[in-house]
Amino acid sequence: MRGWMRKFRSLILFGALTLILSGCGVDNISALKPEGYGSDLIFDLMMISIAIMLFVFVIVMAIYTFVLIRYRQKKGQEDFIPKQTEGNKALEIIWTVIPIILLLVLAVPTVQATFDLADKSGQTDEDALTIEVTGNQYWWHFNYAGQEISTSQDLYIPTGERVYLDMKSSDVIHSFWVPSIAGKMDTNPGENVNTMYLEAYEEGVYWGQCAELCGPSHSLMDFKVIAVSPEKFDQWKEDMQNIDPEAQPETASAQEGQELFQNNCMSCHAIGSAAAGVGPNLSNFGNRTMIAGILDPTKENLVDWITNPDEIKPGNQMPADLVSEEEASKIADYLLQLDHSEVTPESAGGNSNEGNNE
Amino acid sequence: MSTAVAQNRGLGAAIWDYLTTVDHKKIAHLYLASGGFFFLIGGLEAMIIRIQLMKPGNDFISAGLYNEMITMHGTTMIFLAAMPIIFALMNAVVPLQIGARDVAFPFLNSLGFWLFLFGGIILNVSWFTGAPDAGWTNYAPLSTTSPGHGVDYYVMGLQISGAGTLIGGINFLVTIVNMRAPGMTFMRMPLFTWTVFVTSTLILFAFPALTVGLFLMMFDRMFGSAFFDIALGGNAVIWEHLFWIFGHPEVYILILPAFGAFSEIFSTFSKKRLFGYSAMVFATVLIGFLGFMVWAHHMFTVGLGPIANSIFAVATMAIAVPTGIKIFNWMFTMWGGSIRMTTSMLWSVAFIPTFTIGGMTGVMLAAAAADYQYHDTYFVVAHFHYVIVGGLVFGIFAALHYWWPKMFGRVLSEKLGKWTFWLFFIGFHLTFFIQHFLGLMGMPRRYWTFQDGQGLNTGNLISTAGAFLMAIGTIIFLINVIYVAVKGKQASGDPWDGRTLEWSIPSPPPHYNFKQTPLVRGLDPLWVEKSEGKKGMTPAEPLGDIHMPNPSILPFMMSLGLFIAGFGFIYQVDNKVWLALVFIGMGITFGSMLTRSLKDDIGHHIHKEDLEKGAGE
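Those sequence lines, one after another, are chains A and B.
Quick note on UniProt numbering: the first sequence kicks off at 1 and runs consecutively.
Quick note on UniProt numbering: the second sequence kicks off at 1 and runs consecutively.
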């Protein structure tokens, strides 16, 4: 009966902790609101460790408070000489052994989770989707292996299945982090390819960010993971595979923009399935959640960005004043109509930047 | 061979005295003053960081300058503030606690200080020419490709001051092994001395790793090698390993002496001997040992694989055991005692819950898989500030209030001390507790700015407000120091009813420390004598002539030479003309070394008759 009570009590503690901590943050960026397999597994591990730690803390604070109240020197006792105790073997063994046991309780699920999150066995599966992630100062490139799809900044994945990431960097060390669906992993330069997997439970737009200091615009190196249902994802895949980079835009301004883009921007940027260049692949640009990862996707912002990139993202590679403001406006018209797929962030539940605050 | 040097007064003479001193107590003053100065600079940098992060999308400083701020804040606080203040305490206290008249190598002690100071100055000169901006961890290739000379300043500055630290560490190791008073066995050493002993050992093994890393970085940046350049077959991750093989023990190098100081303070102000002394010694050694085994826990997300991650996770968790032993032993030292809440006791008492929180988040971080979420976020920022500020800075404040009378002959004002404490303590928790949550809510560290609408606004604002409280607390401490220097009364030799040897001599001590070397008859030797009704220590030797080393300007000159050469190394990349500075600087250094080798300097004696008259006190 008493053992049962104890279990029940820890269950209550665990539940209360979960409730309190999950009240924190915005749904699509908080590690405390897991929306995918990795973040969920880690969240459980976090809760176990917090529960153990709180247990220890309560004991320490109980002794601490008692000692400080009970043994304060009282008026008139200034000459009192306490007994000079040397130590106590039994006590010292107790506070050595109990922590060891507590740590073992934590170590086992830690090791399990560490191996689980490193599991690559599913990657050999033919249907498994592998995406090559490349970190760049200060943007992310995504190449869908064997699918002839290449995109930047917005990463589309199907819900309910594991998507494997092969990750590296083209310059300095970055770290790929989508708190609400998985932990983070560094992208290293060289042949050091790291792997991890993403598995999102529900459709949604999840915020990702770079977590390793990579230069002045480190804090502006955002990206989004857009999880859509497998059906929508297949649709998106097909649309992306059928991009015609040469397709004529409808409006005259956009047509001029296309020409300007081809003359001025193609040495760094690409549209279609071409691999990463110096700059991001701009397929699907009209559907992007954000411009450069941080600006609302309006034409005004885009023109600003094209003409003054260094003011918006200090230290980035895009040259300023490559084109005039008028030309930039036409290029913007062209880029914003590059919406190659019906499947957009909105179809995954919108740009959940709005409405979810605390 | 002269007798005691006549005391000249006047500012010039006083400055010359400090430039040439080899007296460990004066070197302690130098370490404290320069460490304190760098602490203020580091604090100013921290305030600028917090002002920038006060609200989302702030543009108080630019992104580039922000990266320089965080780099210099971290580097300054660890290398130029925490380390020297620890060395100040070591110098001021350890020889006195073991009943020695000096350290083993007084000349080297002075050299260690000047190397540290000139290294620190090089680092801070970079503020005028472009500071390092690759983070205090200076990861390659961000650091190797960083434009300008900022990272070169980092490399040269740390190399020079690191050499000073290594010299200091070796000096204390030898001092503690060789120069203990008769009767002071290892298991009778005060715990502060024990922690300094273990810390010095850690310095001996950890700093060479940093030295090697910095040399590789220096050659990559200044002489065209490619240790970290992937395009030429190098490997960037090697820097991370070298840095953390040094960097992790560094944390324990800093924290262990603070543990030692707390042990002394808990014991003195509870009027009890330390509970579980031998367990404490064992725990200290064990923490030092394990500190070397766990560096890769800074690298869980580098991609070392699940096996390495698991091993380092479990090894890291193991450190919680000896640390836990310490926490419980401190509490049981107070148990049954008679606790006096002086300012230094207040800092020590506040340390227990604060450090326990830091230790707990440390264990949480050790869970490798969970670290995939915590790593490089404000959760980590919160954790290491709880450990380093909650452990080390609290420890420094506690120790300074405790040993100030011994160092300067004046007792710090208790009233102002308590104001400092409460403002700093409340400010600290306001600043950093909330950062745990900011991190879990998705705020990475080293972010120049954060975006609106991510739920991070309130937390950051509170954090900034707390930082201001800490700053006010620090200013009050400065006022306290100045006020006491001007108005304070002469302290007695033993103002706290102390238990260890340093309290058996006058405050401040004469420059030969002990007129007669004391005989140690147990743990807490002064307490042993007092409890037998005696006023002071039983001497172990008859009164006789005391041999003391002569002051020397050579350590200063050697360091100055390296300082000059440092600029030569940095700028010869632009123009080979700068190599002239390398030759001039190295010439000064080697010339001074030659002088030192060729010139006989066997010190001087303080004669028995003068001692009887009380000269030199």
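By construction, the Cβ of each residue, glycine as well, lies at the ideal position given by its N, Cα and C atoms.
Cβ-based burial, residue i [other Cβ within 10 Å; buried from 16]
i, result
"A:Ile48", "buried"
"B:His383", "buried"
"B:Phe128", "exposed"
"A:Ile12", "exposed"
"A:Ser352", "With a pLDDT of 46 at A:Ser352, under the threshold of 50, the modelled position of that residue is not reliable, and no figure is offered here."
"A:Lys232", "buried"
"B:Lys406", "buried"
"B:Pro141", "buried"
"A:Asp154", "buried"
"B:Arg180", "buried"
"A:Asn287", "buried"
"A:Asp304", "buried"
"B:Ser2", "In this prediction, B:Ser2 has a pLDDT of 41, which is less than 50 and means its spatial position is unreliable; what the coordinates show is noted afterwards. Burial call: exposed."
"B:Ile176", "buried"
"A:Glu346", "exposed"
CB contact check: residue i to chain D, cutoff 9 Å
i, result
"A:Tyr71", "Protein chains A and B are contained in the structure displayed, whereas chain D is not."
Which residues DSSP lists as bridging residue i, in chain order
i, result
"A:Cys265", "BP columns for A:Cys265 are empty, so no partner."
"B:Trp422", "B:Trp422 is not bridged to any residue."
"A:Trp140", "A:Gly135"
"B:Arg340", "Paired residue(s): none; B:Arg340 is not in a bridge."
"A:Leu155", "A:Val225"
"A:Ser121", "For A:Ser121, which the question treats as bridged, DSSP gives no partner whatsoever."
Residue j beta carbon less than 9 Å from that of residue i
i, j, result
"A:Ser283", "A:Ser170", "no"
"B:Thr354", "B:Phe428", "yes"
"A:Pro314", "A:Pro216", "yes"
"B:Ser552", "B:Arg596", "yes"
"A:Arg162", "A:Tyr64", "no"
"B:Asn309", "B:Ala318", "no"
"residue 642 of chain B", "B:Glu240", "Lying outside 1 to 617, the shown extent of chain B, residue 642 of chain B is not represented and no answer is given."
"A:Pro297", "A:Leu338", "no"
"B:Ala152", "B:Met222", "Correcting the residue type first, residue 152 of chain B is Asp in the shown sequence and not Ala. Contact: yes."
"B:Ala279", "B:Ile325", "yes"
"B:Thr420", "B:Phe468", "no"
"B:Ile472", "B:Ser344", "no"
"A:Thr134", "A:His141", "yes"
"B:Asn124", "B:Lys25", "no"
Residue i - containing beta strand (DSSP E), residue span
i, result
"A:Lys184", "184-187"
"B:Tyr252", "First-last for B:Tyr252: 237-270, but that is the alpha helix (DSSP H), not the beta strand (DSSP E)."
"B:His605", "604-606"
"A:His174", "174-177"
"B:Leu519", "Premise fails: B:Leu519 is in no beta strand (DSSP E) and is neither H nor E."
"A:Phe223", "222-228"
"A:Lys168", "163-169"
"A:Gly208", "204-210"
"A:Thr195", "194-198"
Boundaries (first-last residue) of the alpha helix (DSSP H) holding residue i
i, result
"B:Thr137", "Looking at the DSSP string, B:Thr137 is not in any alpha helix (DSSP H), and its letter there is neither H nor E."
"B:Ile170", "150-178"
"B:Val93", "83-97"
"A:Gln112", "89-117"
"B:Trp457", "The sequence as given places Asn at residue 457 of chain B; Trp does not occur at that position. Its alpha helix (DSSP H) spans residues 457-487."
"B:His385", "378-387"
"B:Met299", "Careful: B:Met299 lies outside any alpha helix (DSSP H) and carries neither H nor E."
Cβ-heavy atom distance, residue i to the ligand GTP, below 8 Å
i, result
"B:Lys418", "Among the components modelled here there is no ligand, and therefore nothing to report on the ligand GTP."
Cβ-based contacts, 8 Å cut-off: residues of the UniProt domain "Cytochrome c" (252-339) of chain A near chain B: Ile294, Pro314, Gly315
Interface residues of the stretch 111-125 of chain A facing chain B [CB-CB below 9 Å]: Val111, Gln112, Ala113, Thr114, Phe115, Asp116, Leu117, Ala118, Asp119
Contact set between the stretch 89-120 of chain B and chain A, restricted to residues whose Cβ is under 9 Å from the partner: none
Near-chain A residues of the stretch 48-71 of chain B - C-beta to any C-beta below 7 Å: Ser62, Ala63, Gly64, Asn67
Interface residues of the stretch 281-303 of chain B facing chain A [CB-CB below 7 Å]: Thr301, Val302, Gly303
Against chain B: residues of the stretch 93-113 of chain A by CB proximity under 7 Å: Trp95, Thr96, Pro99, Ile100, Leu103, Leu106, Ala107, Thr110, Val111, Ala113
Contacting positions in the stretch 366-380 of chain B - beta carbon closer than 9 Å to chain A: Ala366, Ala367, Ala368, Ala369, Ala370, Asp371, Tyr372, Gln373, Tyr374, His375, Asp376, Thr377, Phe379
Residues of the stretch 195-214 of chain A with Cβ closer than 9 Å to any Cβ of chain B, in chain order: Thr195, Met196, Trp207, Gln209, Cys210, Ala211, Glu212, Leu213, Cys214
Residues in the stretch 19-30 of chain B having any Cβ partner in chain A nearer than 9 Å: none
Interface positions of the stretch 436-447 of chain B facing chain A (Cβ-Cβ less than 7 Å), listed along the chain: Phe437, Leu440, Met441, Gly442, Pro444, Arg446, Tyr447
Contact list for the stretch 306-328 of chain B against chain A, Cβ threshold 8 Å: Pro306, Asn309, Ser310, Ala313, Val314, Met317, Ala318, Ala320, Val321, Gly324, Ile325, Ile327, Phe328
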